[in-house]
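Protein sequence lines, in the order shown, are assigned to chains A and B.
1 is the number of the first residue of the first sequence in my numbering; add one for each residue after it.
1001 is the number of the first residue of the second sequence in my numbering; add one for each residue after it.
Below you'll find the structure, written out as C-alpha cells, and then a few comments.
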Amino acid sequence: EPEVTQTPSHQVTQMGQEVILRCVPISNHLYFYWYRQILGQKVEFLVSFYNNEISEKSEIFDDQFSVERPDGSNFTLKIRSTKLEDSAMYFCASRSPDSGNTIYFGEGSWLTVV
Amino acid sequence: GNSVTQMEGPVTLSEEAFLTINCTYTATGYPSLFWYVQYPGEGLQLLLKATKADDKGSNKGFEATYRKETTSFHLEKGSVQVSDSAVYFCALSDPGRGSTLGRLYFGRGTQLTVWP
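Written out as C-alpha cells, the structure reads:
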C-alpha cells in the first residue's frame, strides 16, 4: 500500500541551527501538509501546499518556517533558526483529489532542539 | 471556529472489555469527522470516518456515528484486544473550499492500554 515517508525519524539539533525535514508524499497526491505535535499536546496544523504554493498556514507557521517541493517528489519543511519550543513530532501528510477529504500521514520526524 | 474536545486519558481496560472514547466537536459548517490511531512508534493512521450526519464509520471492530444533534462522534468497540493499545485521535475536517479542504482539527488524543 502506498505510504507517506519521512526522514529523518529523529533529529537532535542545537538551538539556532537550521533544520530540514523531508517527506515523500504518495505519488498521485496533489495536496500536501505539515502538522506538528508537541509532547502531550494536540496535533496542530502548520501549512498546506497545493500547485506549488502555500494554500493555507496557521499562526504557528511564522517567518522561520518554509516549505518547498523542489523536485516533484519531495516535500520539505525548513526551520531556519530553531528554538527550544520547536521540539516536537512533525508529521507530513498528503491527499489525492480522488480520496475526498481523507488525509494520509507519515510516521513523523521527531525533532529535539537542545 | 472549529475545535474538537476529546475524552481525557489514559484509559486502561482488560481484554474483551467494552470501549467508549467520547468526542464532541464545534464547527462552523458541516464537517467530516475522523478517528485516527497512532500505534507505538508509528504515524497517524486513519481508523474510520463519517462525512455526514447519521453516517456510521467502522473498521477493525471500531464504530463511530456522526451525531449532528449532539455534535458528537464517540468511538466504540465491543471487545478490545491487547493489540488495540494505542493513542486515538478524533479530528474534523474544515469544510473549506478548494485547496484549503482537508485541514484537520485534532483532539488531544486518548491513550488506550489493554491488559491481557
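Even glycine gets a Cβ: it sits at the ideal position worked out from N, Cα and C.
Exercise. Chain A partners of E1008 (chain B), CB-CB under 7 Å?
Worked result: The residue you call residue 1008 (chain B) lines up with position 8 of the second sequence. None at all; the shortest Cβ gap to chain A is about 12 Å.
Problem set entry | CB-CB length for C1023 (chain B) against L1075 (chain B), believed under 8 Å | Residue mapping note: residue 1023 (chain B) aligns to position 23 of the second sequence, counting from 1. Residue mapping note: residue 1075 (chain B) aligns to position 75 of the second sequence, counting from 1. Right, their Cβ atoms sit about 7 Å apart.
Problem set entry | Secondary structure of V1004 (chain B), DSSP reduced to three states | Here residue 1004 (chain B) is taken as the residue at index 4 of the second sequence, counted from 1. Three-state result, V1004 (chain B): strand.
Exercise. Residues of chain B with CB under 7 Å from G108 (chain A), in chain order?
Worked result: Against the first sequence, residue 108 (chain A) aligns to sequence position 108. Residues of chain B passing the Cβ test: G1043.
For this session: Under the assumption that K1049 (chain B) contacts S1032 (chain B) (Cβ atoms under 8 Å), give the Cβ distance between them as a whole number of angstroms.
Result: The residue labelled residue 1049 (chain B) in the question sits at position 49 within the second sequence. The residue labelled residue 1032 (chain B) in the question sits at position 32 within the second sequence. Sure, about 6 Å apart at Cβ, within 8 Å.
Problem set entry | C-alpha gap between C1090 (chain B) and D71 (chain A), whole angstroms | Start at 1 with the first residue of the second sequence, and residue 1090 (chain B) comes out as number 90. Start at 1 with the first residue of the first sequence, and residue 71 (chain A) comes out as number 71. Using only the alpha carbons, I get a separation of about 34 Å.
Exercise. According to DSSP, what are the bridge partners of V1087 (chain B)?
Worked result: On the second sequence, position 87 is the one that residue 1087 (chain B) refers to. Paired residues: B:Q1038, B:Q1111.
For this session: With Y33 (chain A) as the anchor, note down where its beta strand (DSSP E) starts and where it stops.
Result: What you label residue 33 (chain A) is simply residue 33 of the first sequence in a count that begins at 1. Going by DSSP, Y33 (chain A) is part of the beta strand (DSSP E) stretching over 31 to 37.
For this session: Give the residues of chain A in contact with L979 (chain B), contact being defined as C-beta atoms less than 9 Å apart.
Result: No statement about residue 979 (chain B) is possible, as the shown extent of chain B runs from 1001 to 1116 and does not include it.
Exercise. When the cut-off is 7 Å and only beta carbons count, does R1108 (chain B) lie next to chain A?
Worked result: What you label residue 1108 (chain B) is simply residue 108 of the second sequence in a count that begins at 1. It does; some Cβ of chain A falls within 7 Å.
Exercise. For F45 (chain A) and chain B, any beta-carbon pair shorter than 7 Å?
Worked result: Here residue 45 (chain A) refers to the residue found at position 45 of the first sequence. Judged by the 7 Å Cβ criterion, F45 (chain A) is in contact with chain B.
Exercise. Looking at D86 (chain A) and V113 (chain A), is the spacing between their C-beta atoms short of 7 Å?
Worked result: Here residue 113 (chain A) refers to the residue found at position 113 of the first sequence. Here residue 86 (chain A) refers to the residue found at position 86 of the first sequence. For V113 (chain A) and D86 (chain A), yes; Cβs fall inside 7 Å.
Exercise. When burial is assigned at 16 or more other CB atoms within 10 Å of the CB, is T82 (chain A) buried or exposed?
Worked result: As a working note, residue 82 (chain A) is residue 82 in the first sequence. The residue in question, T82 (chain A), is buried, as its Cβ has 16 or more Cβ neighbours within 10 Å.
For this session: Out of A:C92, A:V4, A:F65, state which residue places its alpha-carbon closest to the alpha-carbon of I79 (chain A).
Result: The sequence position of residue 79 (chain A) within the first sequence is 79, counting from 1. Here the closest residue by C-alpha is A:F65.
Problem set entry | Chain-ordered chain B contacts of F75 (chain A) [CB-CB under 7 Å] | On the first sequence, position 75 is the one that residue 75 (chain A) refers to. None at all; the shortest Cβ gap to chain B is about 14 Å.
Exercise. Is the Cβ-Cβ distance between Q6 (chain A) and E107 (chain A) less than 7 Å?
Worked result: On the first sequence, position 6 is the one that residue 6 (chain A) refers to. On the first sequence, position 107 is the one that residue 107 (chain A) refers to. Their beta carbons are under 7 Å apart, which means Q6 (chain A) touches E107 (chain A) by this criterion.
For this session: Determine the chain B residues that contact F91 (chain A) at a beta-carbon separation under 7 Å, and present them in chain order.
Result: The residue labelled residue 91 (chain A) in the question sits at position 91 within the first sequence. Near F91 (chain A) (Cβ distances below 7 Å), the residues of chain B are G1043, L1044.
Problem set entry | Bridge-paired residues (DSSP) for R1067 (chain B) | Along the second sequence, one-based indexing puts residue 1067 (chain B) at 67. In the DSSP output, where bridge partners are listed per residue, R1067 (chain B) has B:S1072.
For this session: Quick one: list the residues of chain A neighbouring F1089 (chain B), beta-carbon separation under 9 Å, in chain order.
Result: Within the second sequence, residue 1089 (chain B) is the residue found at index 89, counting from 1. K42, V43, listed in chain order.
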